[in-house]
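K.L.:
One structure, pasted below without further comment.
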Amino acid sequence: MNDIDEQLREIIPRLRRFALSLTRNSSSADDLVQASLERALSSWGDKRADGDLRAWLFSILYRQFLDAHRRSRRYARMLEFFTGRDDAQPSVERTVIAQSTLAAFDRLPTEQRALLLWVSVEGLSYKEVAEILDVPTGTVMSRLSRARQALRQLSDGEITRPALRRLK
Amino acid sequence: MISMPPSERDLHAYVDHQLSEDDRRLVETFLASHTDIAAQVRAWQQDAQQLRAALSGALQQPANPALDPAMIRQRLKRQSRRHLASAAVLLIAVSVGGFSGWQAREMTFVSTQLPMTDALQAYRLIAQQGILPADYKAGDDGDMQGWLDRYFTQANRLPDLSGAGFKPASGRLLSTEQGPAAMVVYENQGGQKISFYVRPPGPKNFMLPRGSRSDGGLQAEYWSGGGYNYAMVSPTDTPAAQMLRQTVQF
Numbered sequence: 103m104n105d106i107d108e109q110l111r112e113i114i115p116r117l118r119r120f121a122l123s124l125t126r127n128s129s130s131a132d133d134l135v136q137a138s139l140e141r142a143l144s145s146w147g148d149k150r151a152d153g154d155l156r157a158w159l160f161s162i163l164y165r166q167f168l169d170a171h172r173r174s175r176r177y178a179r180m181l182e183f184f185t186g187r188d189d190a191q192p193s194v195e196r197t198v199i200a201q202s203t204l205a206a207f208d209r210l211p212t213e214q215r216a217l218l219l220w221v222s223v224e225g226l227s228y229k230e231v232a233e234i235l236d237v238p239t240g241t242v243m244s245r246l247s248r249a250r251q252a253l254r255q256l257s258d259g260e261i262t263r264p265a266l267r268r269l270k
Numbered sequence: 044m045i046s047m048p049p050s051e052r053d054l055h056a057y058v059d060h061q062l063s064e065d066d067r068r069l070v071e072t073f074l075a076s077h078t079d080i081a082a083q084v085r086a087w088q089q090d091a092q093q094l095r096a097a098l099s100g101a102l103q104q105p106a107n108p109a110l111d112p113a114m115i116r117q118r119l120k121r122q123s124r125r126h127l128a129s130a131a132v133l134l135i136a137v138s139v140g141g142f143s144g145w146q147a148r149e150m151t152f153v154s155t156q157l158p159m160t161d162a163l164q165a166y167r168l169i170a171q172q173g174i175l176p177a178d179y180k181a182g183d184d185g186d187m188q189g190w191l192d193r194y195f196t197q198a199n200r201l202p203d204l205s206g207a208g209f210k211p212a213s214g215r216l217l218s219t220e221q222g223p224a225a226m227v228v229y230e231n232q233g234g235q236k237i238s239f240y241v242r243p244p245g246p247k248n249f250m251l252p253r254g255s256r257s258d259g260g261l262q263a264e265y266w267s268g269g270g271y272n273y274a275m276v277s278p279t280d281t282p283a284a285q286m287l288r289q290t291v292q293f
């Protein structure tokens, strides 16, 4: 058990980074990591396949994020129904806009952010990503290609005409 | 072995170091003589590199002890208790209607249902156990009335308990069988809590005479007005309960 905990401790900073790239908010990112670790530890015996521990944890975290996202949207709609206003979701403060690439990355849809982080940053294999998303490897490759083009276009746009995009 | 010219997928696999050694060399030879495609590939590589650099800072966050596996294991052990508590959330909805679905025959006397049970239940869950998070927290300007007015326009004003040291601190919406309910939690400096609870009277339009009852260590003052039912809940035998019973005029 201590051995497992040691392995987990090494991966936790990576999980936090991934969660941060999804939620863009460090406290909800840590909530997400916590919920994912709880899920992982309580289903350790039966669900854990023999693959890479990191990829398995990424996939748990990603699912939790998507679920929570759907729930909060539902809740926001309920509040909106009561009030006719939508103030349940606080405006997203983008605390870290360091470089144009990061700014562009931040504007990509959730799945493209996850894909680029897994492949470009974490170096997961296409096969591992295919397992996380539960799609064929070929699909991963075409989605990755689209994500890269999108990042490229946004980074270019960011440099040449940042003001125009914001005003839209 | 990949075929030449390389497909776009092969080029991505090249960028991601997912080609075999031989294929990698093939692609490199190809790129050496196709400068436009090489530029495209280099741009992808640069994006990936910049992304790695930009995100490397996020690995250096100070440790969060709550995320340590040992802590998580401890929390998991306590979780069965929490499951019981979330079952109680459902109970709010059920107990208000008094099992109206399958016990409808016995529901001729609505009044056999003790008044404002849901308000007491909500106090336990929110003020005492902190199970449900607040939807709204009073800032320094503390416009709790404004928050409540958005949901219950005709309702009684929030009572001013500042004389006794209690100020509105947070609000939460709940759904009950009688309709949407809101609860505002007042707190004093000592962290003691009083709740103000408001909801519609329900389909039977059941209005309450001014009354008071205690249940399981909590005391509820209840009344109706402006088309809604209200309750104020606090722990029994506290100065706060005393104060509610004697001084609050509704």
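Those protein sequence lines, which keep their order, are chains A and B.
Mapped onto the working numbering, the consecutive letters of the first sequence carry residue numbers 103 to 270.
Mapped onto the working numbering, the consecutive letters of the second sequence carry residue numbers 44 to 293.
Every residue, glycine too, gets a C-beta built ideally from N, C-alpha and C.
Computed from a prediction, not measured in an experiment: that's the story for all the values here.
What first and last residue would you give for the alpha helix (DSSP H) that runs through ARG215 of chain A?
P.N.:
Unbroken alpha helix (DSSP H) run through ARG215 of chain A: 212-218.
K.L.:
Using alpha carbons as the reference points, say which of B:TYR57, B:GLN93, B:ARG118, B:PRO176 lies closest to ARG141 of chain A.
P.N.:
Among B:TYR57, B:GLN93, B:ARG118, B:PRO176, the Cα nearest to that of ARG141 of chain A belongs to B:ARG118.
K.L.:
Thinking C-alpha only, which one of A:MET243, A:GLN255, A:GLU224 is nearest THR203 of chain A?
P.N.:
Measuring from the Cα of THR203 of chain A, the nearest candidate turns out to be A:GLN255.
K.L.:
Using a 10 Å radius around the Cβ and a threshold of 16 neighbouring Cβ atoms, would you call ALA288 of chain A buried or exposed?
P.N.:
As shown, chain A starts at 103 and ends at 270. That puts residue 288 of chain A outside it, with no answer to give.
K.L.:
For MET159 of chain B and GLN109 of chain A, I'd like the C-alpha separation in whole angstroms.
P.N.:
Cα to Cα, the separation comes out at about 51 Å.
K.L.:
Can you pull the chain B residues whose beta carbon is under 8 Å from the beta carbon of ASP132 of chain A, in chain order?
P.N.:
Those are ASN107, ALA109, LEU110, listed as they occur along chain B.
K.L.:
Since GLU317 of chain B meets chain A, which of its residues come closer than 7 Å, beta carbon to beta carbon?
P.N.:
Absent from the model: residue 317 of chain B. The displayed extent of chain B is 44 to 293, so no value can be given.
K.L.:
Please state whether DSSP places GLN262 of chain B in a helix, a strand or coil.
P.N.:
Residue state, collapsed to three classes: strand.
K.L.:
Within a Cβ cutoff of 8 Å, which residues of the same chain sit near LEU74 of chain B, ignoring the five residues on either side of it in sequence?
P.N.:
Within the same chain, LEU74 of chain B has close Cβ partners ILE80, ALA81, VAL84.
K.L.:
Going along the chain, which residues of the stretch 45-74 of chain B sit with their C-beta nearer than 7 Å to a C-beta in chain A?
P.N.:
Listed in sequence order: GLU51, ARG52, HIS55, ASP59, GLN61.
K.L.:
Just to make sure I have the definition right: I need the residues of chain B whose C-beta is within less than 7 Å of the C-beta of VAL223 of chain A. Which are they?
P.N.:
Neighbours of VAL223 of chain A on chain B, chain order: LEU94, ARG95, LEU98.
K.L.:
Where does ALA225 of chain B sit, in a helix, a strand or coil, going by DSSP?
P.N.:
In the structure shown, ALA225 of chain B sits in a strand (DSSP, three-state: E or B).
K.L.:
Comparing the C-beta of GLN136 of chain A with each C-beta of chain B, is any distance below 8 Å?
P.N.:
Chain B contact via Cβ: present.
K.L.:
Just curious, the alpha helix (DSSP H) that MET187 of chain B is in, first and last residue?
P.N.:
Run containing MET187 of chain B: 187-192, per the alpha helix (DSSP H) assignment.
K.L.:
Compute the beta-carbon to beta-carbon distance between ALA284 of chain B and TYR240 of chain B, rounded to the nearest angstrom, for a pair I have assumed lies under 8 Å.
P.N.:
With 8 Å as the limit, ALA284 of chain B and TYR240 of chain B do not qualify as a contact, their Cβ atoms being about 15 Å apart.
K.L.:
At a CB-CB cut-off below 8 Å, which residues of chain B make contact with ARG111 of chain A?
P.N.:
Result: ASP111, PRO112.
K.L.:
Name, in chain order, the residues that DSSP records as bridge partners for LYS236 of chain B.
P.N.:
DSSP, once it has assigned bridges, lists B:GLU230 as partnering LYS236 of chain B.
K.L.:
If you measure between the beta carbons of ARG68 of chain B and TYR57 of chain B, is that distance less than 8 Å?
P.N.:
No, these two residues do not count as a Cβ contact at 8 Å.
K.L.:
Can you find at least 3 beta carbon pairs, one from the stretch 205-218 of chain B and one from the stretch 251-270 of chain B, that sit closer than 8 Å?
P.N.:
Cβ pair count under 8 Å is below three, so no.
K.L.:
Start and end of the beta strand (DSSP E) containing VAL276 of chain B?
P.N.:
Start and end: 271-278.
K.L.:
I want to verify the contact list: residues of chain B whose CB lies under 7 Å from the CB of LEU253 of chain A, in sequence order.
P.N.:
Under the 7 Å cutoff, chain B gives ASP90.
K.L.:
Whose Cβ in chain A lies nearer than 9 Å to the Cβ of LEU119 of chain B?
P.N.:
Those are GLU140, LEU143, SER144, listed as they occur along chain A.
K.L.:
Is there at least one Cβ from chain A nearer than 8 Å to ARG288 of chain B's Cβ?
P.N.:
No, its Cβ sits nowhere closer than 8 Å to a Cβ of chain A.
K.L.:
So with CB distances below 8 Å, who are the chain B contacts of SER247 of chain A?
P.N.:
GLU51, ARG52, HIS55, listed in chain order.
K.L.:
Taking Cβ-Cβ distances shorter than 7 Å, what residues in chain A pair up with ALA17 of chain B?
P.N.:
Within the shown structure, residues of chain B are numbered from 44 to 293, placing residue 17 of chain B beyond reach of any answer.
K.L.:
Please classify LEU216 of chain B: does DSSP put it in a helix, a strand, or coil?
P.N.:
If DSSP states are grouped into helix, strand and coil, LEU216 of chain B belongs with the strands.
K.L.:
With DSSP as the reference, identify every bridge partner of SER227 of chain A, one or two as the case may be.
P.N.:
Looking at the DSSP assignment, SER227 of chain A forms no beta bridge with any residue, so it has no partner.
K.L.:
Output needed for GLN166 of chain A: all residues of its chain with C-beta closer than 7 Å, excluding positions within five of it in sequence on either side, in chain order.
P.N.:
Correct list, in chain order: LEU134, ALA137, SER138, ARG141.
K.L.:
Quick test of your reading: ASN272 of chain B and ARG242 of chain B, contact by CB under 8 Å. State the CB separation rounded to the nearest angstrom.
P.N.:
Correct: roughly 6 Å between the Cβ atoms.
K.L.:
Report the rounded CA-to-CA distance for THR281 of chain B versus LEU143 of chain A, giving the unit in angstroms.
P.N.:
Spanning the two alpha carbons is a distance of roughly 43 Å.
K.L.:
Establish whether the CB of ALA86 of chain B and some CB of chain A are separated by less than 8 Å.
P.N.:
So yes, ALA86 of chain B belongs to the interface.
K.L.:
For a quick check, are the C-beta atoms of ALA249 of chain A and GLN214 of chain A less than 8 Å apart?
P.N.:
Cβ distance < 8 Å, so ALA249 of chain A and GLN214 of chain A count as in contact.
K.L.:
Kindly list the residues whose CB is nearer than 7 Å to the CB of PRO238 of chain A, restricted to its own chain and excluding five residues on each side of it in sequence; keep chain order.
P.N.:
Same-chain partners within the cutoff: ALA232.
K.L.:
Where does the unbroken alpha helix (DSSP H) through MET114 of chain B begin, and where does it stop?
P.N.:
It spans 112-120 - the alpha helix (DSSP H) in which MET114 of chain B sits, taken as one unbroken run.
K.L.:
So ASP132 of chain A packs on ASN248 of chain B, CB below 8 Å; how close in whole Å?
P.N.:
No, ASP132 of chain A and ASN248 of chain B are not in contact; Cβ-Cβ is about 47 Å, not under 8 Å.
K.L.:
Which residue's Cα is closest to the Cα of VAL227 of chain B: B:GLN93, B:GLU51, B:ALA170, B:ARG288?
P.N.:
Closest option to VAL227 of chain B, Cα to Cα, is B:ALA170.
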